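Below is one structure; the comments refer to it alone.
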Amino acid sequence: MKLRQNMKKVSLYTALVTPLLILISFYTYSEKLESYDVESSAKCIDSAFSNVISRNDIEDNTESFYQCFPKTFDNFVSVFGYSDLDTTGPLAENDKAYDFIDFFFELSESNGHHDDVIQLGVEGSWQIDNVAYLQHLLHSFVTKNLDESLNELSKLSPRELESFCFFYFDGQTPLKEMPKELSALKEKNLDVYLVAESEFKRSINPIQS
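In the working numbering, the protein residues as written are 2 to 210.
In structure tokens form, the structure reads like this:
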């Protein structure tokens with residue numbers, strides 16, 4: 002398990018930059034135009050984060066960090082994970098990888114960009130290390146921001162919603178029972194709940210499903 006020595010610093014600087022970020026109009030990086038540059042984005046993430054920690058031009062570097070951070074699962078794996086071709090992402094083994102991911106989640110939550118977090122779970126599948134950590138943070142995020150998460154989940158296509166729920170339950174050790182945060186969806190949005198329930202059952206009994 003990687004050490005996260007900068008976690009307190011990250012939280013401190015999140016509190017520091019949040020008022021500044023209200024004035025910033027975040028937008029999804031150019032990956033949505035299918036031009037996400039993995040290597041340059043990884044360098045941008047590392048450099049911008051280091052500058053924020055060093056309190057160097059915090060506003061611009063926070064914006065750069067958020068813009069460069071991947072907004073799709075495939076791009077996340079390209080930067081932080083491992084591909085089927087045994088290719089290691091440029092930040093997959095970076096000692097600050099968990100801090101980068103934490104910072105992205107904190108910024109997304111504090112600025113209401115819940116959609117960017119939810120999108121990271123679409124078309125996802127479990128991996129060790131950073132992807133597993135992403136899944137862990139996603140669980141915590143949905144639990145803490147249930148209504149906001151439900152709002153974003155309800156906007157997904159049926160296929161996207163199924164893939165999100167698949168990733169939510171995917172892993173080496175299947176969950177024994179439906180997570181409480183998703184069980185609560187039954188009273189809030191039955192359609193989303195039924196998809197989550199179906200994928201949960203699939204995760205604990207994949208052969209019969």
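Ideal Cβ placement from N, Cα and C applies to all residues, glycine included. Bear in mind that the values here come from a model prediction, so they are computed numbers and not experimental data.
Span of the alpha helix (DSSP H) around residue i
i: K145; result: 131 to 145
i: S111; result: 98 to 111
i: H115; result: 115 to 122
i: Q68; result: 59 to 69
i: L162; result: 159 to 170
i: K44; result: 39 to 54
i: L195; result: 191 to 205
i: L86; result: Careful: L86 lies outside any alpha helix (DSSP H) and carries neither H nor E.
i: E182; result: 181 to 184
Cα-Cα separation, residue i to residue j
i: S36; j: S164; result: 23 angstroms
i: L176; j: R203; result: 11 angstroms
i: D96; j: D47; result: 11 angstroms
i: S51; j: L92; result: 14 angstroms
i: I54; j: F104; result: 11 angstroms
i: L4; j: V193; result: For L4, the predicted model reports a pLDDT of 39, less than 50, meaning its position is unreliable; a value from the coordinates is still stated below. One C-alpha to the other measures close to 36 angstroms.
i: S79; j: G90; result: 5 angstroms
i: C69; j: E40; result: 11 angstroms
i: E94; j: E188; result: 42 angstroms
i: I102; j: L135; result: 7 angstroms
i: I129; j: K44; result: 22 angstroms
i: G122; j: K145; result: 16 angstroms
i: N206; j: Q173; result: 13 angstroms
i: R160; j: N57; result: 42 angstroms
i: E198; j: M179; result: 7 angstroms
i: I59; j: F66; result: 10 angstroms
i: N190; j: V143; result: 14 angstroms
i: N212; j: S42; result: The question about residue 212 has no answer, for the chain in this structure spans 2 to 210.
i: L195; j: S155; result: 12 angstroms
i: A185; j: D100; result: 30 angstroms
i: D171; j: S150; result: 19 angstroms
i: C166; j: D61; result: 35 angstroms
i: L162; j: E124; result: 9 angstroms
i: H38; j: S84; result: Position check: residue 38 holds Asp in this sequence, whereas His was assumed. Taking the straight line joining both Cα atoms gives about 16 angstroms.
i: H114; j: S141; result: 16 angstroms
i: T88; j: A49; result: 24 angstroms
i: N131; j: K181; result: 24 angstroms
Proximity winner among the options, relative to residue i (alpha-carbon distances)
i: L183; options: D103, F201, T88; result: F201
i: D148; options: E124, D87, D116, D61; result: D116
i: F74; options: A133, G113, N57, V196; result: A133
i: A98; options: F77, F167, S111; result: F77
i: S109; options: C166, K72, L186; result: K72
i: W127; options: G82, D87, L154; result: G82
i: I119; options: D61, S42, Y169; result: Y169
i: T63; options: S150, A185, S111, L186; result: S111
For residue j and residue i, believed in contact at Cβ under 8 angstroms, the rounded distance
i: L138; j: F106; result: 5 angstroms
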